[in-house]
Amino acid sequence: MNATDSLFSLAVPLGRFLGTRFRLSALMLIVVLAVVWRVQTLTTALLFAAILLLSVCLHEITHLWLTHRLKLFCPERILWPLGGLFGDAPRRTNALVSLAGPVVNLVLAVVAISQLGSRTEILTLLNPATCWQELASDSMVILALRIVFLVNMVIGCVNMIPVRPLAAGYVLQDFLSRRCSEIESRDILLRSGLLLSILGLLAGFVFDLSGLVALSACLLLLHVQEAMQWFQPLEPERAFNEYDHLDAGLAAADVDKFDVDEAEMSGSMVDRWKNREESERDLRERELQQREHHELDCVLEKLHTQGRDALSIAELHLLNRMSARLRQKNH
Numbered sequence: 002m003n004a005t006d007s008l009f010s011l012a013v014p015l016g017r018f019l020g021t022r023f024r025l026s027a028l029m030l031i032v033v034l035a036v037v038w039r040v041q042t043l044t045t046a047l048l049f050a051a052i053l054l055l056s057v058c059l060h061e062i063t064h065l066w067l068t069h070r071l072k073l074f075c076p077e078r079i080l081w082p083l084g085g086l087f088g089d090a091p092r093r094t095n096a097l098v099s100l101a102g103p104v105v106n107l108v109l110a111v112v113a114i115s116q117l118g119s120r121t122e123i124l125t126l127l128n129p130a131t132c133w134q135e136l137a138s139d140s141m142v143i144l145a146l147r148i149v150f151l152v153n154m155v156i157g158c159v160n161m162i163p164v165r166p167l168a169a170g171y172v173l174q175d176f177l178s179r180r181c182s183e184i185e186s187r188d189i190l191l192r193s194g195l196l197l198s199i200l201g202l203l204a205g206f207v208f209d210l211s212g213l214v215a216l217s218a219c220l221l222l223l224h225v226q227e228a229m230q231w232f233q234p235l236e237p238e239r240a241f242n243e244y245d246h247l248d249a250g251l252a253a254a255d256v257d258k259f260d261v262d263e264a265e266m267s268g269s270m271v272d273r274w275k276n277r278e279e280s281e282r283d284l285r286e287r288e289l290q291q292r293e294h295h296e297l298d299c300v301l302e303k304l305h306t307q308g309r310d311a312l313s314i315a316e317l318h319l320l321n322r323m324s325a326r327l328r329q330k331n332h
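Counting in our numbering, the final residue of the sequence shown is number 332, and the numbers go up one at a time with none missing.
In C-alpha cells, the structure reads:
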C-alpha cells in the first residue's frame with residue numbers, strides 16, 4: 002500500500018539501506034506520547050521508545066535483506082509503529098519477504114519471555130487491560146525484557162492480520178494474484194480491508210481497547226485513501242467531450258444540408274450523405290485513438306515511476322484493453 006500524498010507520508014528522512022530510502026513516520030512520536038500519558042513515567046516511556054524503534058528497524062532490515070537476496074526492489078519505506086509502509090509502490094511482493102519481519106519479532110518476544118519465567122507475569126502482559134500496570138519494575142533489566150516482549154508480540158501478532166499494509170495482507174495479495182486477475186485481487190483486498198477496519202473500530206469501542214481503535218482508524222484511513230485512488234475515473238470530462246463532438250458534427254451536417262443546391266436533391270445525395278457519415282465516423286475513431294494513445298502514455302509513465310499498485314481501476318482497464326488490441330494485431 003502506497004503512503005505517498007497522505008497523512009502517513011509525514012515523516013523524517015533517515016537515510017538509505019540496501020538501495021531503499023528510509024523515513025520515520027510522525028506516528029512514532031504520537032505513540033511515544035501516548036505511552037508517556039499511559040505509564041506516567043518518563044524513564045519507562047523513553048525505554049519503550051528506544052525498544053520500539055529498534056524492533057521496527059530489525060523488522061524492516063529483515064524484510065530488506067530478503068528483498069535484496071531475491072532481487073526484488075522497494076524504492077522507499079516509511080517506518081511506523083507496526084513495521085513499514087511503502088513510500089513508493091513496490092514493483093513486486095513476495096510471501097516469504099512479507100512474513101520474515103513478523104517472524105523475527107515473534108522470536109524476540111519468545112526469547113524475552115523465556116527470561117521472565119513467571120507464567121502469571123506472562124498472562125498479565127498478554128492481557129490488554131493489565132499489561133501497562135505490569136510493566137513497572139524496580140529492575141531495569143526486567144522492565145526492558147517486559148517491554149521487549151510486549152512490543153515484539155504486538156508487532157508480530159498484528160502483522161498476521163490479513164490486511165494491507167500488514168505483512169499477512171501482502172501474503173494474501175500474493176495468493177490472490179496467482180488465482181484471480183489483478184483487478185479482482187485488488188478489489189477483494191480493498192473491500193476486506195475496509196470491512197476488517199470497521200469491525201476493529203467497533204470491537205475497540207465495545208471492549209474499551211484504545212490501541213485497537215487507533216490501529217483500526219489508521220488502517221481505515223489508508224484503505225479509504227486507496228479506495229479514492231482505485232475508483233478514480235481516467236478522464237472525468239471524456240463523456241461530455243464526446244457528446245460535444247457529436248453535437249458539433251450534427252450542426253455541421255445541418256449547415257451543409259442547407260448549402261446543397263436543390264437541383265442535386267437526387268439519388269446522388271444519399272451517396273454523399275453516406276460518404277459524409279463515413280468520413281465523420283473515421284474522424285471520430287482517429288480522435289478516439291489519439292486520446293487513448295495520450296492516456297496510455299500517461300498510464301505507462303505512471304506505471305514506470307510508481308508501479309502497478311498506483312494505477313486506478315480505469316487505468317488498468319485501459320492498459321488491458323490496449324494490450325489486447327496489440328495482441329490481436331500481432332496475430
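Each residue gets a CB set at the ideal place from its N, CA and C atoms; glycine is no exception.
Checklist entry - According to the neighbour-count rule (16 or more other Cβ atoms, all chains shown, within 10 Å of its Cβ), is V159 buried or exposed? => result buried
Next on the checklist: For S56, which residues in the same chain have their Cβ closer than 8 Å to its Cβ, ignoring the five residues on either side in sequence?
Outcome noted: N106, L109, V149, V152, N153, I156
Next on the checklist: Buried or exposed for I114, going by 16 or more other Cβ atoms inside 10 Å?
Outcome noted: buried
Item to check | Under 8 Å between C-beta atoms of Q116 and L146 | outcome: yes
Checklist entry - Say the cut is 7 Å; is the CB of S198 nearer than that to a heavy atom of the ligand ATP? => result This structure lacks the ligand ATP; in fact it carries no ligand of any kind.
Item to check | Cβ neighbour criterion (16 or more within 10 Å) applied to P14 | outcome: exposed
Item to check | Cβ distance (whole Å) where R39 is taken to contact E77 below 8 Å | outcome: So it is not a contact: roughly 31 Å between Cβ atoms.
Item to check | Residue range of the unbroken alpha helix (DSSP H) whose run includes G102 | outcome: Judged by DSSP secondary structure, G102 falls within the alpha helix (DSSP H) whose first and last residues are 96-117.
Checklist entry - Who are the near neighbours of N396 in its chain, counting only those whose CB is closer than 7 Å to its CB and skipping five residues on each side? => result As shown, the chain starts at 2 and ends at 332. That puts residue 396 outside it, with no answer to give.
Next on the checklist: Less than 8 Å between C-beta atoms, sequence neighbours within five positions excluded: which residues of the same chain meet that for V172?
Outcome noted: A96, S99, L100, P163
Checklist entry - Run through DSSP, which three-state label would R17 get? => result In the structure shown, R17 sits in a strand (DSSP, three-state: E or B).
Next on the checklist: So, with DSSP's three-state summary, where would you put I162?
Outcome noted: coil
Item to check | Buried or exposed by the 16-neighbour rule on C-beta atoms within 10 Å, applied to L83 | outcome: buried
Checklist entry - Taking the Cβ atom as the reference point for each residue, do L48 and L144 lie within a distance shorter than 8 Å? => result yes
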